[in-house]
Every structure is written in structure tokens, then in C-alpha cells.
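Undergrad: The structure's right below; bear with me while I get my questions together.
Number of protein chains: 2
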Amino acid sequence: MTIRSADRITKELEHLVFTGELGDGERLDEIKLAKRFGVSRTPVREAIQKLATSGLVTQEPRRGAFVRQPGPVELMEMFEAMAELEASCGRLAAFRVSDDALVLLQTANDKCQAALDQGDPDLYYQENEHFHHLIYKASGNGFLEQEAQKLHRRLKPFRRVQLHLRGRMKQSMCEHREIVAALVEGDGDRVANTLRDHIAIQGEKFHHLMANLKKGT
Amino acid sequence: MTIRSADRITKELEHLVFTGELGDGERLDEIKLAKRFGVSRTPVREAIQKLATSGLVTQEPRRGAFVRQPGPVELMEMFEAMAELEASCGRLAAFRVSDDALVLLQTANDKCQAALDQGDPDLYYQENEHFHHLIYKASGNGFLEQEAQKLHRRLKPFRRVQLHLRGRMKQSMCEHREIVAALVEGDGDRVANTLRDHIAIQGEKFHHLMANLKKGT
DNA sequence: CATGTTATTCTTGTATACAAGAATATTGAC
DNA sequence: GTCAATATTCTTGTATACAAGAATAACATG
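So the sequences go chain by chain: A and B. Position 115 of the first sequence, counted from 1, bears residue number 115 in our numbering, the numbering being contiguous throughout. Position 6 of the second sequence, counted from 1, bears residue number 6 in our numbering, the numbering being contiguous throughout.
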């Protein structure tokens, strides 16, 4: 055993939650999971503890841990918080971004454009993710960068879907261009506002999707 | 046993770290801690896991967990992130704050003033904390509120000390008044900027304190 | 005496055992 | 047949046992 199996299990469980194999409200049966991963309950429990502190599951004493997918309200709140976080990163980046980082941002954007031209939302998301990580990093604040990445990861499944909406990729691309332009100018407030709107729109689009989905059923 | 002892131990350990009884870099000896709290290693380990995910300790495989107090750089980054978070809360609060909440903010501020008049930094800090929590709540975003509180807790020991600097309490009080004034006006940007500066100053003051402390030794 | 090597001890990480509360099944009364 | 009370089973939470790597001590060698 070269690595803590508890850590491996943490990631496996996260994956199960993200892919939806462990659905909302489902109980995490320690024994079943232990058998599934071929370990004892101990590392499974440690993994569950970690998920609990990062908010993916809730623990009820003597009853176990349950998957806790955010509801519509919490999701909106998380998107709003993400918008604010990214705005903060962008504002700081406007003052601190290096020429090298700007070049990287441009190339990331070009790749987004390529994905858009190919009409490939998954590829677009991937390149788009890279673009945003670059902005977090350009904030020059490692702590903020980590926090932004954490929330980004948590929202990842929801940010993805809205890209499949008609015209959304193209619109997103325009917003990216404006963000970079404002960064080049060094206009902190404009970067912040553009980024904030960029994320807020994602939240709204996602909201629309959800509403339509419910209507459909 | 009415409550999970692991949860109790988590809080006890947090306390030990905050009070400094467990100093920076110190190893958390599972056996010693287990004896100290009168339990087995299992709940102690679970508690340590939690501290690790919240960032208070780092774990090295097969070597144990070590207290990880943030260094000067990380501390500055955390203060900056806190400033941004509070600014975000304030901006949202400017649009959403209720009249009731404004009254609460005013009374909280009056209590700060009273503490200032008594020249009691500890009391001031307490009332000041309440003031800030009210602003987090007034953001109308529960998720953001939680995140802000989390970081606030983490910075608590450092926010405290700078209040003992000559004239800092009075200055802080002025800033509070301006924040409320901007909230009443509903001027989001002004609230955000004032709050951001309010926290940023705390970071700077703390920095000065640290610098002087080092010079002294 | 310094240093490199081996042996021992210690600590973590995992598995298993046990205690106690929660959920479920069984039984009895109406 | 339905509902309440009790008995049983199941699951979590904690303690202990064991395995393996890390730190340390003992020792040999130059």
C-alpha cells in the first residue's frame, strides 16, 4: 500500500456523487461501500467525514451520512457566490496580471473559439475551465485561487449543462473577449463587473434549464 | 453517550490550536490526545481528518498530522480574501437589506460605540463581530454568509490583536458608520469599497504589529 | 570519534470486535 | 384486518488488535 486508501476512497466517493450514481438523499452504507472498495469500514468512514466537512454529504447521528445535492435555492446562492468570487479574482488580476499570463489567457480564449467553431460544448467547457483557472491564478492570491477552484469544482456539473443551450457558447465567448480586453486595460471594476455577469448568466441559464425540465415531466 | 465524541474532540482540538497550546508545526500525537480526552484513537483520528480538510492541520502519510498556522504571506492573502468576501456581502446587502436588519445594524454599532467609550477592545471585538455577522446575513445569500463566517472564524485571533493599536478602535468605528450610511443609501459599490478597505486596513495593521514584534525580538 | 548499517521501538493506517441506538419484523389485542 | 407493543436485526460509533513504514537507538567499522 503506497498511498492512504482513505484518500483514494474519498475521491472515489466524490466521483460517485458527481456522476449521480449516489443520488440525492441516498444513504452511504458503510458496509456496502467497504465491500465495494475492498477495504474495511475504517477508511470508508474517514472518507465520509471528509465529504461531510466539504459539504457533499450531511451526517445525522446514529443514522448515517446522506448525499446532499444542493436544492434550487442553494444552487442559485452558490452561483451568486461564484460570481462574486470570480469578480474578486478579476479585479485583483486587473492590477497584477503579467504579460505572460495575458498571453496564456489569449491562447486559452483562442482554444475556446476553436471549440466553438467545432460546435463541441464539452471541449468548450474544458478550455473554458482552463481560462477561468488562469484568472483565479492571475489574482495573485493563492488562497483566493484555491477557494475559487473549490467552488468551481462543486459547480462543475451545473456549469456544464447550460453550455448546450442554443447560442450560449457564442455568447460566453463574447464575454470572454470583453474580460480579456478589460484586463489588458487594467480596469479592475470593468473586469469584475463583466466576470460577475458572465457567471450570473450561467446561473440564470441553468435556472431556465431546470424550470423547463420540470415543466417537461 | 448523547453526542458523537468525535465532534466534541474536533472542537476541543480547534480550541487547542486557536489558543496556541498546540503551536505551529507541532505534531498531533493520536495516542496522547486520546488519553487526554479519555477516548480511543478512533474519534481522535476522525477529528484530525476534519481539521485537515478545513486546513488547520496538514497530514503527511505515515508521519502524522501537524498544526499549520498560516505564514505572513498566506495570512495577507486570507485578509485580502476576507476583504473581498465582505465587500461582496456588503454589495448584495445594499440591494437587499431590510429595514429591520438596518435597525439591528444600528444597535450593533451603538454597542460598538459603547465599548469604544469604555476603551474595552475585547468587548469592542465582540460587538464588532456581531456587526459583521449581520452584514453577512444581510447579503441574503446563505451560502456566502456561511463562507464569510468560516473565514472570519479562521482569522479571528488575528483580527483581534490589531484592535489594541492606538486609535484603531475609533477609526474602525468611523468606518462602521460609513458602511451603514452607504447601506441606507443603497449604494452597492460604496458599501463594497468601504467594507473592503475596512478589512484591508485590519490586514495592514496586523502586518505592522507583526513587523514590530519581529523587530523587538 | 565520526559515520554508515542494522535492530528496535514507535506511530500511523487498517481491520476487526463490541456496545448502543435506530429501523424493522413479529406478535398480540381489539 | 389494523394498530400497538415488544423482540429482533441492522447500522453506527467506539475500542482494540494487528500490519507496516518511520524514527530512533545500538552497534560495527573506518
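Positions of the beta carbon are idealized from the N, C-alpha and C atoms, including for glycine. Values in this document were obtained by computation on a predicted structure and should not be read as measured data.
With burial defined as no fewer than 16 other Cβ atoms inside 10 Å of the residue's Cβ, what is the status of residue 203 of chain B: buried or exposed?
TA: Buried, because 16 or more other Cβ atoms sit within 10 Å of the Cβ of residue 203 of chain B.
Undergrad: Does residue 21 of chain B come out as helix, strand or coil in the three-state DSSP assignment?
TA: Coil at residue 21 of chain B, not helix or strand.
Undergrad: Going by DSSP, what residue range makes up the alpha helix (DSSP H) through residue 129 of chain B?
TA: Counting along the chain, the alpha helix (DSSP H) containing residue 129 of chain B begins and ends at 121-138.
Undergrad: Alpha carbon to alpha carbon, how far is residue 247 of chain B from residue 41 of chain A?
TA: Because chain B here runs from 1 to 217, residue 247 of chain B falls outside it and cannot be looked at.
Undergrad: What do you get for residue 61 of chain A, buried or exposed, if any count of 16 or more other CB atoms within 10 angstroms of its CB means buried?
TA: So residue 61 of chain A ends up on the exposed side.
Undergrad: Could you check how far apart the C-beta atoms of residue 39 of chain B and residue 5 of chain B are, in whole angstroms? I think they sit under 8 angstroms.
TA: Between residue 5 of chain B and residue 39 of chain B the Cβ distance is about 5 angstroms, and since that is below 8 angstroms, they are a contact.
Undergrad: In terms of residue numbering, what span does the alpha helix (DSSP H) encompassing residue 67 of chain A cover?
TA: Residue 67 of chain A -> not in any alpha helix (DSSP H); beta strand (DSSP E) instead, spanning 64-67.
Undergrad: Please work out which residues of its chain come closer than 7 angstroms, Cβ to Cβ, to residue 125 of chain A, disregarding the five sequence neighbours upstream and downstream, and give them in chain order.
TA: Counting only Cβ-Cβ distances below 7 angstroms, and skipping sequence neighbours, we find 160, 163.
Undergrad: Tell me where the alpha helix (DSSP H) around residue 178 of chain B begins and ends.
TA: Residues 168-185.
Undergrad: Does the pairing of the region 135-143 of chain B with the region 52-70 of chain B give three or more beta-carbon distances under 8 angstroms?
TA: They do not touch, by the three-pair rule.
Undergrad: Which residues share a DSSP beta bridge with residue 59 of chain A?
TA: BP columns for residue 59 of chain A point to A/65.
Undergrad: Going by C-alpha distance, which of B/56, B/32, B/29 is nearest residue 11 of chain B?
TA: Measuring from the Cα of residue 11 of chain B, the nearest candidate turns out to be B/56.
Undergrad: For residue 151 of chain B, which residues of its own chain have a beta-carbon under 8 angstroms away from its beta-carbon, when the five flanking residues on both sides are left out?
TA: Cβ within range, chain order: 78, 81, 82, 85.
Undergrad: At what residues does the alpha helix (DSSP H) containing residue 49 of chain A begin and finish?
TA: 41-53 is the extent of the alpha helix (DSSP H) around residue 49 of chain A.
Undergrad: Nearest-angstrom Cα distance between residue 198 of chain A and residue 185 of chain A?
TA: Computed Cα separation, rounded: 18 angstroms.
Undergrad: Applying a beta-carbon distance threshold of less than 9 angstroms, which residues of chain A neighbour residue 142 of chain B?
TA: Within 9 angstroms Cβ-Cβ: 73, 74, 77.
Undergrad: Helix, strand or coil for residue 96 of chain B, going by three-state DSSP, please let me know.
TA: The answer is helix: DSSP assigns residue 96 of chain B an H, G or I state.
Undergrad: Just to confirm, are residue 58 of chain B and residue 45 of chain B a CB contact at a threshold of 8 angstroms?
TA: Taking 8 angstroms as the Cβ cut-off, residue 58 of chain B and residue 45 of chain B do not qualify as a contacting pair.
Undergrad: Using a Cβ cut-off of 7 angstroms, pull out every chain B residue sitting near residue 53 of chain A, in sequence order please.
TA: Result: 50, 53, 54.
Undergrad: In chain A, which residues lie with their C-beta within 8 angstroms of the C-beta of residue 4 of chain B?
TA: Correct list: 61.
Undergrad: Could you check the C-alpha separation between residue 34 of chain A and residue 167 of chain B for me, to the nearest Å?
TA: Looking at the two C-alpha atoms, the distance is approximately 59 angstroms.
Undergrad: Please identify the residue among A/31, A/174, A/209 whose C-alpha is closest to the C-alpha of residue 43 of chain A.
TA: Considering only alpha carbons, the answer is A/31.
Undergrad: If you draw a straight line from the alpha carbon of residue 129 of chain B to that of residue 181 of chain A, how long is it in whole angstroms?
TA: Approximately 39 angstroms between the Cα atoms of the pair.
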